[in-house]
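Residue numbers (my numbering): 475 to 922.
Glycine is no exception: its CB is placed at the ideal position from the N, C-alpha and C atoms.
Encoded as structure tokens, the structure appears first; notes follow it.
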């Protein structure tokens, strides 16, 4: 197999964790209305039906870094695949709301772990000049997973009666994740361990062998030499991440992780059918337009993949967030003025999703996977992405409450305010990392 083909294959398998991430987190959007009727959920319970998985994510990502640094990236990913499958089966056979919540938490453990491990694994495998594009495939996998499940939900709900969906439809929706979970599990046996983790553990022959399969022999030797040199300068302690220089990287990782979520993308992804129904669209129309949202997210993620290593992470981030702000302000105005029955609401929602797809979709995963030191990259990414999942939890838990108490207009203006703060931070603080090796990025922090 050619080196480029081998690199693409292992990257796609690593990114498959993103497909399950998107599938698991978005599948609830089509089921939530039927669960509300089935179990008599109020606004808080409805939020809990969504956010219970996020609780699992926070726990999963908190543990994943330590486990991945101890037993390796590959073995930890295999564990996550088992968790996905167990959760899907548990949701499908749940006899009551409590059992459903427990199964969603188990799935969340897998999603949280995969959300750190997949981009970490890809960044440690990828050559510097392709790293942005290859790590962005993880975000593409997320949106493909969302797209698949939106379409699956639409097909299940649209092909049957309301009562059938209340009784059984949601079980088929949540249980369908078993198929991609098993595929992910089987595919993981065909990928190598991360060469940087192997070097960290002193398994240099294996590390050089992996690097040689994706680079020329000369480049593989140079990259391995740089890895060993940087590892020799690191202590690998948690306190090292908050030392002068590296502290800036930690702040960037945490801030970017949090604000990628509290600018509202998952309010759209989780609650789009409910928001559109509340704006006057029918059930079938709302679900179909949710499919369109997923398609737009996918298309614009391809745009990011094409340009992230050409224009750079920072440029795409600034322009994308600027577009998100305009769309969020416009959506708020439409809801406040009651002008939601025409095409403009969907147009601005699609505009927001498109801008997100080129910026806040892929770029946080790329930056968070490349700005931390090798010895404690797993733990550092766990900290940053744990904050990301706290942001996801806040949005999923309180979006129904905000919509019910302050209305959709003020809710989207709140997201716009958060996006403005992120834009200021991006302009003032976030550096450009395109074209640099992980070791060059790491050295740049110690010079600050």
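Cβ neighbours of residue 617 within its own chain (closer than 8 angstroms, five residues either side excluded): 496, 768, 771, 772, 775, 831, 835. The beta carbon of residue 659 sits closer than 6 angstroms to those of 555, all from its chain and outside the five residues before and after it, given in chain order.
Residue 841 is positioned such that its CB atom lies closer than 8 angstroms to that of residue 730. Rounded to whole angstroms, the separation of the alpha carbons of residue 529 and residue 917 is 35 angstroms. Distance from residue 862 to residue 735 at the Cβ level is roughly 6 angstroms; contact confirmed, criterion being Cβ atoms closer than 8 angstroms. Nearest Cα to residue 781 within the set 726, 483, 603: 603.
Along the length of the segment 476-518, whole alpha helix (DSSP H) runs at least 4 residues long occupy 477-513, reported in chain order. In this structure, 607 is the residue among 537, 607, 498, 550 with its C-alpha nearest to the C-alpha of residue 784. Distance from the CA of residue 485 to the CA of residue 895, rounded to the nearest whole angstrom, comes to 33 angstroms. For residue 689, same chain residues with a beta-carbon under 8 angstroms away, outside a window of 5 residues either side, are 477, 601, 697 in chain order. For the 8 angstroms CB-CB criterion, residue 509 and residue 779 do not form a contact.
Residue 612 counts as buried, since no fewer than 16 other beta carbons sit within 10 angstroms of its beta carbon. Rounded to the nearest whole angstrom, the CA to CA distance from residue 595 to residue 808 is 42 angstroms. Annotation for residue 677: no alpha helix (DSSP H) segment contains it, and DSSP assigns it neither H nor E. The three-state reading of DSSP puts residue 689 in coil, since its state is none of H, G, I, E or B. Scanning its chain for C-beta atoms nearer than 8 angstroms, with the 5 sequence neighbours on each side dropped, one finds around residue 505 the residues 627, 643, 644, 647, 648, in chain order.
In the three-state DSSP reduction, residue 777 falls in the helix class (H, G or I).
Annotation: residue 525 to residue 867 spans about 6 angstroms, alpha carbon to alpha carbon. Taking C-beta atoms as the reference points, residue 513 and residue 571 count as a pair closer than 8 angstroms.
Exclusion of the five residues before and after residue 675 leaves no residue of its chain whose Cβ lies closer than 6 angstroms to its Cβ.
According to the DSSP assignment, residue 796 belongs to the alpha helix (DSSP H) that extends over 787-811. In this structure, DSSP gives residue 665 a state outside helix and strand, which the three-state scheme calls coil.
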